[in-house]
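When the letters of the sequence shown are read in order and numbered with our numbering, they come out as residues 92 to 238. Where a beta carbon is used, it is the ideal one built from N, C-alpha and C, also for glycine. Take a look at the structure set out below.
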Amino acid sequence: MSHNYLSAKPHYPILDGLRGVAAIIVVTFHLAEPLGTSHLDILVNHGYLAVDFFFLLSGLVIGYAYDDRWNKMTIGTFLKRRVERLQPMVILGMTLGAMGFYFTDSTIWPNIHDVPLWKMLVVMLVGYTILPVPLSMDIRGGRKCTR
Numbered sequence: 092m093s094h095n096y097l098s099a100k101p102h103y104p105i106l107d108g109l110r111g112v113a114a115i116i117v118v119t120f121h122l123a124e125p126l127g128t129s130h131l132d133i134l135v136n137h138g139y140l141a142v143d144f145f146f147l148l149s150g151l152v153i154g155y156a157y158d159d160r161w162n163k164m165t166i167g168t169f170l171k172r173r174v175e176r177l178q179p180m181v182i183l184g185m186t187l188g189a190m191g192f193y194f195t196d197s198t199i200w201p202n203i204h205d206v207p208l209w210k211m212l213v214v215m216l217v218g219y220t221i222l223p224v225p226l227s228m229d230i231r232g233g234r235k236c237t238r
């Protein structure tokens, strides 16, 4: 027996657009950060704040989408759907991020090339799980957060 989880709720393209803008800001911030010499010349300074905005909007969108579905699906079904949807992008993002990290010369992180490949791969594999990496595994050289 299959369930139809699609509803006739109105779609709000403006929310998708705002999430897209936030995602572009975050990607731009991450791509430009290693190329800056200080927090003053990064292309999108404080771009990491768009992460909070993106997650806030995503929570709103997910809450709205699933509000009337909880009595039609189990928590296991919900988690399975979220993993199937998100995990491929997490793996792609972590892999591209690791490659970008390892092959980028940076004045902010001058010791990138001192990081053993095995350690970078371990951090990448932990990232695949979406679990936070402990500070003891920080491979960026212990750079202090500028937030």
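With 16 as the cutoff for other CB atoms within 10 Å, does residue 99 come out buried or exposed? exposed
Report yes if the C-beta distance between residue 113 and residue 156 is below 8 angstroms; otherwise report no. no
At the level of alpha carbons, what is the spacing between residue 193 and residue 203? 7 angstroms
Length of the line joining the Cα atoms of residue 151 and residue 145: 10 angstroms
Counted within 10 angstroms of its Cβ, other Cβ atoms place residue 173 as buried (16 or more) or exposed: exposed
Residue 219 versus residue 182 - alpha carbon distance: 5 angstroms
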